[in-house]
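These notes are about the structure you will find just below.
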Ligand SMILES: Nc1ncnc2c1ncn2[C@@H]1O[C@H](COP(=O)(O)OP(=O)(O)OP(=O)(O)O)[C@@H](O)[C@H]1O
Ligand SMILES: [Mg+2]
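And the structure:
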């Protein structure tokens with residue numbers, strides 16, 4: 027082993043043992059979506075009982091339905107969809123369920139076609155549709171060659187002349203054909219979850235939804251997600267009647283957030299798995315008051331909760347402690363503050379808006395002073411909205427109330443620590 031490899035191995039061992047000192051195998055908090063087929067999802071998924079019940083009530087009927095799940099950034103829309111799908115997979119094995127994040131520049135029918143075809147690896151026609159779009163298929167495509175009279179196996183290296191790589195010309199028709207085939211093998215039907223409508227421009231999505239009315243009313247169940255202030259807000263009013271259920275996801279209450287902390291920690295705990303909220307051991311390595319404070323600071327927002335949790339545990343490990351007291355928590359949160367700002371890589375103007383937001387502790391069209399606008403070199407509050415939204419994405423700000431979507435407050439974290 028080289029000297030650096032040896033040093034790296036030592037550093038790895040030290041980091042591992044620091045986490046283990048906290049009684050954990052690894053840091054369970056993550057920002058990335060949880061894999062639908064891993065058992066992590068069922069271990070950490072928390073709350074949303076009412077919302078799940080409302081969705082599953084619909085699934086009691088054979089009638090196909092359309093569901094729109096909407097909520098703020100990082101509130102848990104994707105995770106909610108994945109949980110619905112994973113329950114369906116367990117309880118409704120005769121239903122085909124599929125998940126896809128809406129790709130840029132694709133219509134809804136083609137998106138649904140891709141999602142369904144990917145779940146039908148045994149269906150040659152489905153695989154050919156994917157292949158023609160240049161999407162990797164589960165197994166090699168067999169093509170009948172009339173000259174040779176036999177079958178030949180196509181590989182990814184075939185020239186464009188042989189197999190043109192194009193979107194289907196009539197995606198809605200292709201989707202319908204595929205769904206008809208899928209229903210033969212899946213008598214309980216097909217459920218298609220299309221995530222992230224709001225990652226596209228609102229105008230584009232509005233058109234997309236308008237064009238897709240027929241598809242959405244077709245042979246499958248649809249679940250879509252979006253953000254309430256962008257296009258979904260529009261959809262809620264303009265496409266009234268298109269959705270059978272419009273389901274808002276809100277911030278979790280404190281008790282549910284505490285339960286979520288227990289679930290994440292117990293998914294990584296080394297010994298004795300305790301999940302009783304009345305037992306202080308359930309939140310170890312957090313001491314109960316630190317655990318409660320951590321839940322308050324996360325404001326019931328699952329993504330913020332995960333971002334902060336990862337930083338707090340990393341800090342506790344770096345400090346070589348074996349429990350998280352209020353003092354350790356605060357050091358972790360300061361480190362997290364610094365990290366959120368660093369990760370956001372703010373531009374000068376964004377930093378100035380953040381500083382103003384922190385100084386005023388609340389910004390809205392009514393609350394902002396003329397000299398504040400002048401100081402930022404703008405004339406109207408609405409010019410600041412894109413910046414405030416960017417701060418929201420970075421978990422440095424949040425929107426105050428549903429009825430005024432343009433009022434913002436700074437995320438209440440302890441002041442960022444200096445580099446230690
Ligand atoms: N009910 C829940 N229980 C446990 N963890 C959750 C829950 N909801 C969300 N999370 C976690 O919070 C993080 C953010 O959730 P998710 O990605 O689903 O949010 P989102 O609303 O889809 O975000 P975006 O607006 O960026 O698409 C993820 O790490 C996810 O695992
Ligand atoms: Mg999402």
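Numbering (this note's numbering), first residue to last: 27 to 446.
Glycine included, C-beta positions come from ideal geometry on N, C-alpha and C.
Distance from the C-beta of residue 228 to the nearest heavy atom of ligand 1 is not below 6 Å.
Judged by the Cβ position, residue 59 qualifies as a neighbour of ligand 1 at the 6 Å threshold, a heavy atom of the ligand being closer than this.
Just measuring C-alpha positions, the residue of 316, 341, 287, 242 sitting nearest residue 303 is 287. Per the coordinates, the alpha-carbon of residue 297 lies some 20 Å from the alpha-carbon of residue 351. Contact between residue 201 and residue 216 does not hold, since the beta-carbon distance rounds to 10 Å and is not under 8 Å. Residue 329 and residue 152 have their C-alpha atoms spaced approximately 36 Å apart. Under the three-state reduction of DSSP output, residue 272 falls in the strand class.
Distances taken from the Cβ of residue 103 to the heavy atoms of ligand 2 include one shorter than 6 Å. In the DSSP assignment, residue 358 falls within the alpha helix (DSSP H) that extends over 352-370. Residue 434 and residue 390 have their alpha carbons spaced roughly 6 Å apart.
Each residue's CA atom was taken as its position, placing residue 158 and residue 336 some 42 Å apart. Exclusion of residue 303 from the 6 Å shell around ligand 1 follows from its C-beta lying no nearer than that to any non-hydrogen atom of the ligand. In this structure residue 113 does not touch residue 106 by the C-beta definition: roughly 11 Å separates them, more than the 8 Å allowed.
As DSSP reads the structure, residue 248 sits in a beta bridge with 92, 218. Pairing residue 208 with residue 146, the inter-Cα distance amounts to about 8 Å. Between ligand 1 and the CB of residue 71, the shortest heavy atom gap is smaller than 6 Å. Going by DSSP, residue 163 is part of no beta strand (DSSP E) at all; its letter is neither H nor E. Around the CB of residue 134, 16 or more other CB atoms lie within 10 Å, so the residue is classed as buried.
The beta carbon of residue 51 is closer than 8 Å to those of 45, 294, 295, 296 in its chain, skipping five residues each way along the sequence.
Around the CB of residue 161, fewer than 16 other CB atoms lie within 10 Å, so the residue is classed as exposed. Under the DSSP definition of a beta bridge, residue 126 partners with 220. Burial check for residue 199: the Cβ neighbour count within 10 Å stays below 16, so the residue is exposed.
For a cut-off of 8 Å, the C-beta gap from residue 78 to residue 110 is around 7 Å, short enough to register as a contact. Its Cα nearest to that of residue 318, the residue 280 stands out among 344, 280, 334. If you draw a straight line from the Cα of residue 253 to the Cα of residue 316, it comes to about 32 Å. In the three-state reduction of the DSSP assignment, residue 320 falls in the helix class, which pools H, G and I. For the set 419, 342, 228, 432, the Cα lying nearest the Cα of residue 394 is the one of 432.
Of the residues assessed, residue 243 falls on the exposed side of the cut-off, its CB having fewer than 16 other CB atoms within 10 angstroms. Beta-bridge pairing by DSSP links residue 389 to 434. In this structure, DSSP gives residue 330 a helical state, which the three-state scheme calls helix.
Looking from the CA of residue 240, the closest CA among 229, 138, 301, 305 belongs to 138.
Here residue 406 is exposed. Its C-beta has fewer than 16 other C-beta atoms within 10 Å.
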